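For the sequence shown, the working numbering gives the first residue as 1, with consecutive numbering after it. Working notes, beginning with the structure itself.
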Amino acid sequence: ITIIDVIDEIQLKEVLLDTVDKKGVIYIRLARKQVPKVYDNNYKFDINKADILKHGDDITIFATGIMVNEAIKASDILEREGVSIELISIPVIKPIDVETVKNSLLKTKKAVTAENHNVIGGLYSAICEVSCRYAPSLIRNIGIKDHFGEVGSIGFLLNKYGMTSEQIINECKNLLDY
1 ITIIDVIDEI
11 QLKEVLLDTV
21 DKKGVIYIRL
31 ARKQVPKVYD
41 NNYKFDINKA
51 DILKHGDDIT
61 IFATGIMVNE
71 AIKASDILER
81 EGVSIELISI
91 PVIKPIDVET
101 VKNSLLKTKK
111 AVTAENHNVI
121 GGLYSAICEV
131 SCRYAPSLIR
141 NIGIKDHFGE
151 VGSIGFLLNK
161 YGMTSEQIIN
171 ECKNLLDY
């Protein structure tokens, strides 16, 4: 199975065009509400590659789906405070882009994952597997902590489950102080 978590309508369009003729099971997670655009009309989806949104040396933020917007906000604030952030959008969680993840972890040695999913068996788990095999690193997570989901506005749910840019910033600072 291929697991894809899209960010915005532009990426969704590219994902659909790219996967329409692919064999096998493809699961595409969609946001239930309208989300801000991350990509412009020049974006091209590559099922085999993560998208490096910012290059940095101090810490990596790996984000997927709607959490990319929160990660962008967090990275902007941290950069204003002098932290060099590597920000990587991971649209394809399975199979994960091992090379991009490995290379970033080898460089920063510290990472925070941000996902709109249970941290068990999602992006956090996939990043940890790459880390264990290729690039031992300190990794923290932002996501659902083994809890059943609820219905509500995106803002309400992000606050309830500790999945805001502020929580990403706090986890990054905790790792940088480690």
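For each residue, glycine too, the CB sits at the ideal point set by N, CA and C. Here the structure is a predicted model, which means the values were calculated and not measured.
Tell me the DSSP bridge mates of residue i?
| i | result |
| --- | --- |
| ARG29 | ASP5 |
| SER89 | ASP51 and ALA63 |
| ILE96 | Note: ILE96 sits in no beta bridge, so no partner. |
| ASN118 | ILE144 |
Would you call the CB atoms of residue i and residue j closer than 8 Å?
| i | j | result |
| --- | --- | --- |
| VAL194 | ASP58 | Residue 194 is absent from the model: the chain starts at 1 and stops at 178. |
| LYS54 | LEU106 | no |
| VAL68 | VAL38 | yes |
| ALA31 | ILE90 | no |
| VAL101 | VAL119 | no |
| PHE62 | LEU123 | yes |
| ILE96 | TYR43 | no |
| GLU70 | SER165 | yes |
| ILE77 | ILE169 | yes |
| ASP8 | VAL25 | no |
| ASN103 | ARG140 | no |
| LEU176 | LYS109 | no |
| ASP150 | LEU158 | In the sequence on display, residue 150 carries Glu and not Asp. In this structure, LEU158 does not lie closer than 8 Å to GLU150 by Cβ. |
Report the CB separation of residue i from residue j in whole angstroms; it is logged as a contact under 8 Å.
| i | j | result |
| --- | --- | --- |
| THR2 | LYS94 | 6 Å |
| ASP5 | GLY65 | 4 Å |
| GLY56 | ILE28 | Not a contact, Cβ separation roughly 29 Å. |
Quick one: what does DSSP say residue i is sitting in, helix, strand or coil?
| i | result |
| --- | --- |
| VAL101 | helix |
| THR108 | helix |
| ALA135 | coil |
| THR113 | strand |
| GLY155 | helix |
| ASN141 | strand |
| ASP21 | coil |
| TYR124 | helix |
| VAL35 | coil |
| LYS44 | coil |
| ASP76 | helix |
| SER84 | coil |
| GLU248 | Nothing in the structure corresponds to residue 248, since the chain is present only between 1 and 178. |
TODO: Please determine if the region 112–129 and the region 141–155 are in contact, where contact requires at least 3 C-beta pairs separated by less than 8 Å.
DONE: yes
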